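Chemist: For reference, the structure I am asking about is given below.
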Amino acid sequence: MLKKDPWQGYIKPAKMVGNLYFVGTKPASTHIIDTGDGLIMIDPGYQESLYLVLHNMWELGLDPKNIRYILLTHCHHDHTDATQALVALTGATVCFPKADLPLLNGEIYHYDFRPFKPDVLLEDGDTVTLGNTQVRCVATPGHTDGTMSYFFPVTDGEKTYRAAMHGGVGMNSMMSDFLKERGLSADCRRKFLEGLDKVENQQVDITVGNHVGQNDTVGKLSRLGKEEGNPFIDPTEWKRFIEKCRGNLEKLNRDDPC
Numbered sequence: 144m145l146k147k148d149p150w151q152g153y154i155k156p157a158k159m160v161g162n163l164y165f166v167g168t169k170p171a172s173t174h175i176i177d178t179g180d181g182l183i184m185i186d187p188g189y190q191e192s193l194y195l196v197l198h199n200m201w202e203l204g205l206d207p208k209n210i211r212y213i214l215l216t217h218c219h220h221d222h223t224d225a226t227q228a229l230v231a232l233t234g235a236t237v238c239f240p241k242a243d244l245p246l247l248n249g250e251i252y253h254y255d256f257r258p259f260k261p262d263v264l265l266e267d268g269d270t271v272t273l274g275n276t277q278v279r280c281v282a283t284p285g286h287t288d289g290t291m292s293y294f295f296p297v298t299d300g301e302k303t304y305r306a307a308m309h310g311g312v313g314m315n316s317m318m319s320d321f322l323k324e325r326g327l328s329a330d331c332r333r334k335f336l337e338g339l340d341k342v343e344n345q346q347v348d349i350t351v352g353n354h355v356g357q358n359d360t361v362g363k364l365s366r367l368g369k370e371e372g373n374p375f376i377d378p379t380e381w382k383r384f385i386e387k388c389r390g391n392l393e394k395l396n397r398d399d400p401c
């Protein structure tokens with residue numbers, strides 16, 4: 144139902160930590176980094192719920208016209224559909240994983256989504272810099288060939304934390320039927336595991352969910368200000384999250400061999 148009517152997944156927006164904000168919905172996470180010299184948005188989500196994202200930004204005092212960069216984690220429509228509409232409104236620069244271009248251009252299989260034109264094609268190790276923020280881009284393929292994860296600082300007063308978002312951990316696009324129907328290689332599972340190995344031991348204070356269920360976004364938002372400390376700040380969560388993803392892949396390999 145939420146894929147058909149994604150606006151039904153409204154979530155009240157909030158400042159997560161310092162200059163990092165959640166402005167998305169349950170079916171499509173959207174985050175804003177206020178760099179002091181403009182805003183970086185990670186994944187605008189569905190076009191049908193873009194009005195909620197814009198409303199959420201205004202509610203937090205964030206002007207959408209200050210969005211300078213739109214960072215896309217991968218090509219799937221729940222993360223990218225609102226891109227072109229947002230560019231028309233803001234003139235923001237679109238940063239997109241280069242390895243997902245064949246999917247964007249329909250070269251590997253037909254994908255029904257609203258098209259857009261990337262301005263910057265991201266590769267492993269690239270950085271996107273704006274104001275006080277440098278986002279490091281780490282290729283973590285598997286969910287799609289181009290899935291990109293992002294590592295960046297979050298400033299809160301005199302404190303600086305390190306945040307990270309894995310760009311895509313869903314097993315749905317690595318299932319055998321999905322791969323066979325689209326003529327894709329089961330090698331995506333090996334690549335996914337290698338990506339987990341690459342990022343597992345990174346020092347991360349704030350685990351940012353590519354979807355709200357990945358880091359209990361909704362639960363943490365409900366606890367903000369009601370308990371000692373900030374529930375989003377947990378230097379142990381990233382490793383647990385990666386271990387859970389590894390377990391999901393192991394289960395997939397057992398239950399659905401390719």
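Its first residue numbered 144, the sequence shown is counted upward by one per residue in our numbering. We put the beta carbon where it would ideally sit given N, CA and C, even for glycine. None of these values were measured; they are calculated from a predicted model.
What do you get for W381, buried or exposed, if any count of 16 or more other CB atoms within 10 angstroms of its CB means buried?
Modeler: Within the sequence shown, numbered from 1, the residue matching residue 381 stands at position 238. Classification of W381: buried, given that the 10 Å Cβ count is 16 or more.
Chemist: Go through its chain and collect everything with a Cβ distance to N358's Cβ below 6 Å, but skip five positions before and after it.
Modeler: Here residue 358 corresponds to residue number 215 of the sequence shown, with the count starting at 1. T350, G352.
Chemist: Mind checking who A157 pairs with in its DSSP beta bridge?
Modeler: Position 14 of the sequence shown, counted from the first residue, corresponds to residue 157. DSSP output for A157 lists F165 as bridge partner(s).
Chemist: Per DSSP, which one or two residues make a beta bridge with D299?
Modeler: Stepping through the sequence shown from its first residue, residue 299 is reached at position 156. Bridge partners of D299: K302.
Chemist: From the DSSP secondary-structure annotation, give me the bridge partner or partners of Q277.
Modeler: In the sequence shown, counting from the first residue as 1, residue 277 sits at position 134. Per DSSP, T272.
Chemist: Regarding K241 and the ligand ATP, is the C-beta to nearest heavy atom distance less than 7 Å?
Modeler: For the structure depicted, the ligand ATP is absent and the ligand set is empty, with no information on it obtainable.
Chemist: Under 8 Å by Cβ, that's how I've got L163 and V361 pegged, so tell me the actual separation to the nearest angstrom.
Modeler: Taking the sequence shown and counting its residues from 1, one reaches residue 163 at position 20. Taking the sequence shown and counting its residues from 1, one reaches residue 361 at position 218. With 8 Å as the limit, L163 and V361 do not qualify as a contact, their Cβ atoms being about 16 Å apart.
Chemist: Which same chain residues, not among the five before or five after G310, have their C-beta less than 8 Å away from its C-beta?
Modeler: Looking up residue 310 in the sequence shown gives position 167. Cβ neighbours of G310 beyond the five flanking positions: T216, H217, P240, T283, H286, T290, M291, S292, Y293, N353.
Chemist: Can you tell me the Cα-Cα spacing of F335 and L392, whole angstroms?
Modeler: The residue labelled residue 335 in the question sits at position 192 within the sequence shown. The residue labelled residue 392 in the question sits at position 249 within the sequence shown. One C-alpha to the other measures close to 8 Å.
Chemist: Within 10 angstroms of its Cβ, does N199 collect 16 or more other Cβ (buried), or is it exposed?
Modeler: Translated into positions along the sequence shown, residue 199 becomes position 56. So N199 ends up on the buried side.
Chemist: Taking 8 Å as the threshold (C-beta atoms), are R211 and G452 in contact?
Modeler: Residue coverage of the chain in this structure runs from 144 to 401, which leaves residue 452 outside it and unanswerable.
Chemist: Exposed or buried, which one is T272 when buried takes at least 16 other CB atoms within 10 Å?
Modeler: The residue you call residue 272 lines up with position 129 of the sequence shown. So T272 counts as exposed.
Chemist: Compare the C-alpha of A228 against each of E191, D288, K387, Y254 and name the closest.
Modeler: Residue mapping note: residue 228 aligns to position 85 of the sequence shown, counting from 1. Checking every option, the nearest Cα to that of A228 belongs to E191.
Chemist: Around the C-beta of R383, are 16 or more other C-beta atoms found within 10 angstroms, so that it is buried, or is it exposed?
Modeler: Here the question's residue 383 lines up with position 240 in the sequence shown. With fewer than 16 Cβ atoms within 10 Å of its Cβ, R383 is classed as exposed.
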